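In what follows, a structure is listed as structure tokens, so that the remarks can point back to it.
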Amino acid sequence: LIGKGVDFIFYPAVVYEKKEDEAADNHFNCPVVASYPEVIRNNMDGLKENGITLVSPFLTFDDRSALTKGLVKTFTGIPREEIANAVQAGLTEADRAKSDVRTKGEETLAYLASTGNKGILLCGHPYHADPEINHGIADMITGMGLAVLTEDSVCHLDRSEGDVAVVNQWTYHARMYRAARLAAVRTDLELVQLTSFGCGIDAITCDAVQDIMERHNKVYTLIKIDEISNLGAARIRLRSLLAAMREREKGKVLPQKPPKIQANVAFTKEMKETYTILAPQMSPIHFELFEQVFRDAGYRLKILETTGPEETEEGLRYVNNDACYPAIVTIGQILSALKSGDYDPNRTAVIMSQTGGGCRATNYISLLRKALKDSDLEQIPVISLNASGMENQPGFRISLKLANRLIAAACYGDLMMRLLNHYRPYEVVPGSAERLFRKGMERCKVSLVNFSFREYKRLIREIVADFCKLPVTGATKPRVGIVGEILIKFHPDANNRIIEMIEAEGGEAVMPDFLDFIFYCVYNPIYKAEQFGKSKRLGYINPMLISYLEIYRKPIKVALEDAGLAKGRENIYGLAEKASRLVSVGNQMGEGWFLTAEMMDLLDNGVNNIACIQPFACLPNHITGRGMIKGLKELYPGANIVAIDYDAGVSVVNQANRIKLMMSIASNMEGNTVSDLEQSVKPLQQTLLDGSYSLT
Numbered sequence: 064l065i066g067k068g069v070d071f072i073f074y075p076a077v078v079y080e081k082k083e084d085e086a087a088d089n090h091f092n093c094p095v096v097a098s099y100p101e102v103i104r105n106n107m108d109g110l111k112e113n114g115i116t117l118v119s120p121f122l123t124f125d126d127r128s129a130l131t132k133g134l135v136k137t138f139t140g141i142p143r144e145e146i147a148n149a150v151q152a153g154l155t156e157a158d159r160a161k162s163d164v165r166t167k168g169e170e171t172l173a174y175l176a177s178t179g180n181k182g183i184l185l186c187g188h189p190y191h192a193d194p195e196i197n198h199g200i201a202d203m204i205t206g207m208g209l210a211v212l213t214e215d216s217v218c219h220l221d222r223s224e225g226d227v228a229v230v231n232q233w234t235y236h237a238r239m240y241r242a243a244r245l246a247a248v249r250t251d252l253e254l255v256q257l258t259s260f261g262c263g264i265d266a267i268t269c270d271a272v273q274d275i276m277e278r279h280n281k282v283y284t285l286i287k288i289d290e291i292s293n294l295g296a297a298r299i300r301l302r303s304l305l306a307a308m309r310e311r312e313k314g315k316v317l318p319q320k321p322p323k324i325q326a327n328v329a330f331t332k333e334m335k336e337t338y339t340i341l342a343p344q345m346s347p348i349h350f351e352l353f354e355q356v357f358r359d360a361g362y363r364l365k366i367l368e369t370t371g372p373e374e375t376e377e378g379l380r381y382v383n384n385d386a387c388y389p390a391i392v393t394i395g396q397i398l399s400a401l402k403s404g405d406y407d408p409n410r411t412a413v414i415m416s417q418t419g420g421g422c423r424a425t426n427y428i429s430l431l432r433k434a435l436k437d438s439d440l441e442q443i444p445v446i447s448l449n450a451s452g453m454e455n456q457p458g459f460r461i462s463l464k465l466a467n468r469l470i471a472a473a474c475y476g477d478l479m480m481r482l483l484n485h486y487r488p489y490e491v492v493p494g495s496a497e498r499l500f501r502k503g504m505e506r507c508k509v510s511l512v513n514f515s516f517r518e519y520k521r522l523i524r525e526i527v528a529d530f531c532k533l534p535v536t537g538a539t540k541p542r543v544g545i546v547g548e549i550l551i552k553f554h555p556d557a558n559n560r561i562i563e564m565i566e567a568e569g570g571e572a573v574m575p576d577f578l579d580f581i582f583y584c585v586y587n588p589i590y591k592a593e594q595f596g597k598s599k600r601l602g603y604i605n606p607m608l609i610s611y612l613e614i615y616r617k618p619i620k621v622a623l624e625d626a627g628l629a630k631g632r633e634n635i636y637g638l639a640e641k642a643s644r645l646v647s648v649g650n651q652m653g654e655g656w657f658l659t660a661e662m663m664d665l666l667d668n669g670v671n672n673i674a675c676i677q678p679f680a681c682l683p684n685h686i687t688g689r690g691m692i693k694g695l696k697e698l699y700p701g702a703n704i705v706a707i708d709y710d711a712g713v714s715v716v717n718q719a720n721r722i723k724l725m726m727s728i729a730s731n732m733e734g735n736t737v738s739d740l741e742q743s744v745k746p747l748q749q750t751l752l753d754g755s756y757s758l759t
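Numbering (this note's numbering), first residue to last: 64 to 759.
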């Protein structure tokens, strides 16, 4: 388009598709589909150089009124009635086109039934229909004498009960599940699923489609279509499938009625008294306090404190290896604990958080249940900790009293984390900050048992005062912010102890508050209510909840500011406003817009060095993290930002090298202006980007 001289491009970001399957849990678009225009706008110089306007509003297709409202806001010069008529005409045409596709699918199935021929249901993403992407695999299949059908041409014919062993939350993939159920019961239809490298969602869908096919005693075939044009491997897979089809027909192997997916094991009220509840680690400081609060509430909660290579290997054995690294880490940690002999599997439950958003983290619990089943531990109840009512467990309930203590524990954790990270790099007596930290943590635990807000405020002031008395050096060290995916950011075993590495390289680690992520989760429904026509109730209640949370955080802000330890940090509304300079607040999958906002807030508070850490295949975070670095450096010329991937197969040495190079740049910049260092730092930054730097 740039090459053709176009001066205006409309490329909307569509978060919600039209809900096509009423049995589905949700109807999100893929995180990349929903936010790719953001990356284009912030990274393609050709737009600015050629004076091209790129308009990319966040829209929804599941609510005609909200869609019309969004377009009216975008195209202010066009009358509302005209836009409303255009929306109606567009939706009508979309329905007509879909009807044409479905009619052709029905005709093809009728042809197969009347002729005795066979067909292949070629499932994939919409972009797999592009010959440039699929390299002509459909032609290859027809060349073998087989008909080819797409999932959207036949998925409407599925008449099954619709059970699927995952959270069914993406529209395109819901079509796949329905189409797979149709193929699974027909003798004239087999299924081939196409995936592409790096598609994190397919780590979920592949397992789900395979489960559907195999429960019906059908063959599941997966082909990864990537940039290469050589289809030799794909040809071999298809010939193998064709041979299997002939053998099964010869042996009269028929589809079978699948066993029903077992209902999830409930955590009952009786279990609360006798069951140990295992929780994977995320943030050691905060979770130590959370464990205390849950135990005081009568739950026998046990935080699995540490994890290592053995636990990761255990996760890799039972979780799709293309799944999110945090899922592999946490599930591996849980399985290792259950198999250690330390816990009775018949008196143990597991708890895990569940976001309910478009990120695949919503499906961690599905991955965990599959891993437990494959380990012959499916009797273990899995408790979903969520605020969206996704699953209800009769024996687990967050009362108002418990919620208040958890909020206080999160605030205490943020305070202790800030103070420890701030003072430890400058302590005169080695270990003195850690000892003071431990003393403060024990006082926080005591406070949480018989909690009073007056005692809470007093203790915060006393802890801050104690740290202010700690003997410290007068050294000036580079401050390094750590942002990214929440588990990788806070879990020292998952991030290979990045804080220790930064301190060893002569820096001070600055970790944004854990509670900020909670604010982000509470804020998002407010935007959705306004922009997407979602729950008006949450749009009304959540601002009050934000105000309530701020009551707990205010004493910490005041104490730190009075001690000269922190500038005024933005509240969640201020963070959303900051992020809007680069990305839309509609980016709500993964850490979404909040990740960009955290980096901007750090830069505004003088923290110019940032490590943006995320799992390798965390697609939404690559958009609002790595994808925003260019835009951030244009807004903040002194920014020194490095993006670091974490995964089971990523080299720790490479991670360390990137951190060391960032620290080298930070040390050079300390005490100098950007103009003084512009020429000397630029080669180092380029080396950092191309990954060729090594200090080993």
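All C-beta atoms in this analysis are idealised placements derived from N, C-alpha and C, irrespective of residue type, glycine included.
From a predicted model like this one, the values you see are computed outputs, not experimental measurements.
_Met-607 classed as buried or exposed, judged by whether at least 16 other C-beta atoms fall within 10 angstroms_ = exposed
_Using the three-state DSSP reduction, which class does Pro-678 fall into: helix, strand or coil?_
In the three-state reduction of the DSSP assignment, Pro-678 falls in the strand class, which pools E and B.
*Which class does Lys-745 belong to by DSSP, given the choice of helix, strand or coil?*
Here the model assigns Lys-745 a pLDDT of 48, short of 50, so the residue's position is not dependable, and the following value carries that caveat. Helix, per DSSP.
_Exposure label - Arg-241; buried when at least 16 CB within 10 Å_ = With 16 or more Cβ atoms within 10 Å of its Cβ, Arg-241 is classed as buried.
_Residue burial classification, Lys-132 (beta-carbon count within 10 angstroms, cutoff 16)_ = A residue is called buried once 16 or more other Cβ atoms fall within 10 Å of its Cβ, and Lys-132 is buried on that count.
*Can you give the Cα-Cα distance for Ile-340 and Pro-408, rounded to whole angstroms?*
11 Å
*From this set, Phe-357, Ala-342, Pro-389 and Asn-383, which residue's C-alpha is nearest Ile-366's C-alpha?*
Ala-342
*Does the distance from the CB of Gln-417 to the CB of Ser-438 come in under 8 Å?*
no
_Check for me: the alpha helix (DSSP H) holding Leu-317 runs from which residue to which?_
First-last for Leu-317: undefined, no H or E at that position.
*For Asp-274 and Lys-281, the rounded distance between their alpha carbons*: 10 Å
*To the nearest angstrom, how far is it from the Cα of Leu-184 to the Cα of Thr-268?*
15 Å
*Give the C-beta separation of His-90 and Asp-125 to the nearest angstrom, bearing in mind that I take them to be a contact with Cβ-Cβ under 8 Å.*
6 Å
*How big is the Cα-Cα spacing for Pro-75 and Arg-159?*
22 Å
_On the CB-based measure, 16 or more other CB atoms within 10 Å of its CB, does Gly-781 come out buried or exposed?_
Past the boundaries of the shown model lies residue 781; the chain is included only from 64 to 759, so the question cannot be answered.
_Residues of its chain near Asn-231, where Cβ-Cβ distance is below 7 Å and the 5 sequence neighbours each way are ignored_ = Ala-87, Asp-88, Ala-237 and Tyr-240
*Go ahead and label Tyr-362 buried or exposed: buried means 16 or more other beta carbons lie within 10 angstroms of its beta carbon, across all protein chains shown.*
Around the CB of Tyr-362, 16 or more other CB atoms lie within 10 Å, so the residue is classed as buried.
*asked:* Alpha carbons only, please: which of Gln-594, Ser-162, Tyr-590 and Asn-105 is nearest the one belonging to Asn-605?
replied: Tyr-590
*Is the distance from the Cβ of Ile-288 to the Cβ of Arg-300 below 8 Å?*
no
_Rounded distance between the beta-carbons of Val-535 and Cys-675, thought under 8 Å_ = Rounded, the Cβ-Cβ distance is 29 Å, inconsistent with contact.
*asked:* To the nearest angstrom, how far is the alpha carbon of Ile-551 from that of Ser-429?
replied: 20 Å
*asked:* Once DSSP output is grouped into helix, strand and coil, what is the label at Gln-151?
replied: helix
_For Leu-482, tell me which candidate among Cys-531, Pro-444 and Arg-460 has the shortest Cα-Cα distance._
Cys-531
*Taking buried to mean at least 16 other C-beta atoms within 10 Å of its own C-beta, is Pro-94 buried or exposed?*
buried
*Using the C-alpha atoms, what's the distance from Asp-70 back to Glu-156?*
Approximately 27 Å between the Cα atoms of the pair.
*Might you give, ordered along the chain, the residues of its own chain that have their beta carbon closer than 6 Å to the beta carbon of Ala-660, omitting 5 neighbours on each side?*
Leu-638, Lys-641 and Ala-642
*asked:* To the nearest angstrom, how far is the alpha carbon of Gly-537 from that of Val-573?
replied: 18 Å
*Cα separation between Phe-553 and Ala-626?*
25 Å
*Mind checking Met-207: buried by the 16 CB within 10 Å criterion, or exposed?*
Burial call: exposed.
_Close-in-space but distant-in-sequence residues of the same chain around Leu-117 (CB under 6 Å, 5 per side omitted)_ = Ile-72, Arg-104 and Leu-110
*Please name the residue in Thr-166, Gly-569 and Leu-682 whose C-alpha comes closest to that of Lys-723.*
Of the listed residues, the one whose Cα sits closest to Lys-723 is Gly-569.
_Residues bridged to Ile-704 [DSSP beta-bridge criterion]_ = Ile-673
_Inter-stretch contact at 8 Å, needing at least 3 Cβ pairs: the stretch 391 to 407 / the stretch 365 to 379_ = Taking a contact to require three or more Cβ pairs closer than 8 Å, the stretch 391 to 407 and the stretch 365 to 379 qualify as touching.
*For His-188, which residues of its own chain have a beta-carbon under 7 Å away from its beta-carbon, when the five flanking residues on both sides are left out?*
Tyr-235
*asked:* Taking the straight line between their C-alpha atoms, what separation do you get for Leu-252 and Lys-136?
replied: 47 Å
*Buried versus exposed, by CB contacts within 10 Å (16 or more), Glu-760*: Any question about residue 760 goes unanswered here, given that the chain covers just 64 to 759.
*asked:* Taking the beta strand (DSSP E) that Val-78 belongs to, which residues open and close that run?
replied: 76 to 79
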